[in-house]
Amino acid sequence: MRKKLKQLAKRRREEGFTLVELMVVIVIIGLLATVVVINVAPATDKAATTKVEADISTLEQGVEMYRLSKMNYPGGSDGLQALVSEGFIKRLPDDPWGNAYRYATPGRGGQPFDIYSLGADGREGGEGEDADIGNWK
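With the sequence shown counted from 1, adding 889 to any position gets you my numbering.
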């Protein structure tokens, strides 16, 4: 009888995980999640910048098609909306941060126009993710 009780008690101890073992596993999972987040966050920023550059390129092409058709660039008051109303593009995209792209004529450095995003902060200037991205590069 005692032998059976000892075997039963031993089996109960072997069946589950201890609290310490569970805590170690949770800490390891937390560390792995931290490493993944640290490595994925910069890739997200790079993807946003790449999307802005692609959108600006598309909008530049629309502005050039407008110029070829109308013999001048869209005015400052019409801006990019003229591309939609004249059918050169289907819709105006927003930048990855949900802001509208900006259009200015004349542009910087003797360019006929600028198309740009104000970056993640939505304000002029800034550095890193908050930097303005435009066709002047």
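Glycine included, C-beta positions come from ideal geometry on N, C-alpha and C.
Practice task
Can you grab the Cα-Cα spacing for the pair Ala-971 / Ala-932, in whole Å?
Solution key: 34 angstroms
Exercise for the section: With a threshold of 16 other CB atoms inside 10 Å of the CB of Ile-915, please say whether the residue is buried or exposed. Expected result: exposed
Exercise for the section: In the DSSP assignment, find the unbroken beta strand (DSSP E) run with Ala-993 in it and report its ends. Expected result: 991-993
Problem - Any 3 or more C-beta pairs closer than 8 angstroms across the segment 984-997 and the segment 952-967 - result: yes
Exercise for the section: Ignore the nearest five residues each way along the sequence and tell me which others in Ala-943's own chain have a CB closer than 6 angstroms to its CB. Expected result: none
Exercise for the section: For Asp-1021, name the three-state secondary structure that DSSP assigns. Expected result: coil
Exercise for the section: Pull up the CB-CB distance for Leu-957 and Leu-969, whole angstroms please, since I reckon it's below 8 angstroms. Expected result: No, Leu-957 and Leu-969 are not in contact; Cβ-Cβ is about 17 angstroms, not under 8 angstroms.
Exercise for the section: Please classify Phe-906: is it buried, with 16 or more other beta-carbons within 10 angstroms of its beta-carbon, or exposed? Expected result: exposed
Practice task
Assign Asp-983 to buried or exposed, taking buried as 16 or more other Cβ atoms, counted over all protein chains shown, within 10 Å of its Cβ.
Solution key: exposed
Problem - Inter-residue Cα distance where the pair is Gly-999 and Met-960 - result: 19 angstroms
Handout entry: Any non-hydrogen atom of the ligand SAM closer than 7 angstroms to Arg-980 Cβ
Key = By its list of ligands, the structure shown contains no ligand whatsoever, and the ligand SAM lies outside what it can speak to.
Problem - For Asp-1010, three-class secondary structure by DSSP - result: coil
Exercise for the section: May I have the straight-line CA-CA distance separating Gly-1015 from Val-924, to the nearest angstrom? Expected result: 28 angstroms
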